[in-house]
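Numbered by the working numbering, the letters in the sequence shown go through residues 777 to 1097 in order. C-beta: ideal position from N, C-alpha, C; glycine also. Data block below; observations after.
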Amino acid sequence: MFSYRHAFHAGNHADVLKHTTLIALMKYLTQKDTALTVIDTHAGAGLYRLDGDYTETGGEAKDGIFRLISGQKEAPAEESKGSSATKKGAFKDPLAPALVNYLDLLRGLNPQFAETGEAAHLKIYPGSPFIEQQFLSGRDKLKLFELHPTDFKSLSGNIEQLGVGRQVAVAREDGFEALKTFLPPPARRAMVFCDPSYEIKSDYPRVSAYMSDAVKRFATGTYVVWYPVIPRPEAHDLPRKLKTLAVKAGRPWLNAVLTVKSSKLLTDEQGDVVRPGLPASGMFIINPPHTLKAELQLALPQMVALLAQDRHGSFALDSGS
Ligand code: SAM
């Protein structure tokens, strides 16, 4: 069951979409005065080394965050101190604010990268728990769930180093089941991030069933689901089911999809079929902040320009209320 390790995938194009959107959500939701409860049902290890064994063998960051950095030329640190302005380079437009915020967060964790802007100096990649934690203020709470024994151990150790005490709780429990315990939250403000690996088929129906139950328990929470766009009926059905449940519950929704390449199977020189790797992924959000669509409208075309691997690169952004 547990063959999936996010370390192989850290910083890939799906993470660029996922984490840019997550930062925009956290930034908005933590502006209010009332306490926010963040529940991350599938937390992963929290932090990943981009120069580690896993990422070197998988190398997916090469076509994700590293491509994003090298595709646009940013002003050297001395020119951009205190601001995140970009200078004209291979990528002519100023970077969209949501992508600037994403790179700023990476700079915060990688001082040498912040200083030089060199992709080679980007060594540490934050997973969703570290992104979420960065935005919390004293009154907010973060609940993290991770089932894999090794990733749970890494996550616990990484969170402990932050010295944030009881504000962040880590549990080796089923994140789907945990939702029942924490919804509705005490201050009636919550964001749920649901990011399974979908390595088992049952993840797809579980996402829609548990999101449906969560919306019934707490209708005004913000529910965020990442999903792969792959030629598989369950994957195809998932955003459709999430949309149906949002519409039935009378809640607004937003669906952002980033495609970086064709999903067609390829053949190598020997005529063997080669899997193309993940071609696209999506973020489905129920009760999105009203600012999110405009932010993604600016960021998604730039993600396509910087991350597309063939002429099939594209994005889609749909919403309803
Ligand atoms: N959210 C992380 C991020 O953005 O950095 C990545 C998470 S990764 C895609 C999915 C994780 O969920 C894996 O680490 C896997 O071990 C874990 N997992 C799988 N099933 C789970 C479950 N039912 N409850 C909690 N964690 C689970």
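Near the ligand SAM: A1032 beta-carbon under 7 angstroms from a heavy atom: Because no heavy atom of the ligand SAM lies under 7 angstroms away, the Cβ of A1032 does not count as near it: no.
DSSP-derived helix/strand/coil call for K803: Helix at K803.
Proximity winner among F994, F928 and M1059, relative to V792 (alpha-carbon distances): Looking at F994, F928 and M1059, the one whose alpha-carbon comes closest to that of V792 is M1059.
In chain order, each alpha helix (DSSP H) run of at least 4 residues that lies wholly inside the segment 890-976: List check, alpha helix (DSSP H) in window: 904-911, 925-938 and 951-958.
Under 8 angstroms between C-beta atoms of A811 and S846: Taking 8 angstroms as the cut-off, the beta carbon of A811 is found no closer than this to the beta carbon of S846.
Per-residue burial, H1012 [other beta carbons within 10 Å of its own, 16 or more giving buried]: Under this definition H1012 is an exposed residue.
Outcome for A1105 when other beta-carbon atoms lying within 10 angstroms are tallied against a minimum of 16: Because the chain in this structure spans residues 777 to 1097, residue 1105 falls outside the shown range and cannot be described.
Close beta carbons around H789, own chain, < 7 angstroms, minus the five adjacent residues each side: Same-chain partners within the cutoff: D839, G840, L1034, V1036 and L1083.
A800 beta carbon near the ligand SAM (any heavy atom closer than 7 angstroms): Flag unset: Cβ of A800 not near the ligand SAM.
Contact with chain C by D950, beta-carbon distance below 8 angstroms: Going by chain labels, chain C is absent from the structure shown, which holds only one protein chain.
Heavy atom of the ligand SAM within 7 angstroms of P972 beta-carbon: True, at least one ligand heavy atom lies under 7 angstroms from that Cβ.
Collapsed DSSP secondary structure at F1060 in the structure displayed: F1060: strand per DSSP, three-state reduction.
Rounded straight-line distance, which links the Cα of Q888 to that of S1097: Computed Cα separation, rounded: 44 angstroms.
Boundaries of the beta strand (DSSP E) in which L823 is found, first to last residue: It spans L823 to R825 - the beta strand (DSSP E) in which L823 sits, taken as one unbroken run.
DSSP state of L1034 mapped onto helix, strand, coil: Assigned with DSSP and collapsed to three states, L1034 falls in strand.
Pair within 8 angstroms by beta-carbon distance, L918 and Q937: Cβ distance not < 8 angstroms, so L918 and Q937 don't count as in contact.
Alpha carbon of P981 to alpha carbon of T1020, nearest angstrom: Between P981 and T1020, the C-alpha separation is close to 14 angstroms.
For P1004 and L1054, believed in contact at Cβ under 8 angstroms, the rounded distance: Rounded, the Cβ-Cβ distance is 6 angstroms, consistent with contact.
K1024 Cβ short of 7 angstroms to the ligand SAM heavy atom set: The answer is no for K1024.
I841: first and last residue of the uninterrupted alpha helix (DSSP H) it sits in: It spans I841 to G847 - the alpha helix (DSSP H) in which I841 sits, taken as one unbroken run.
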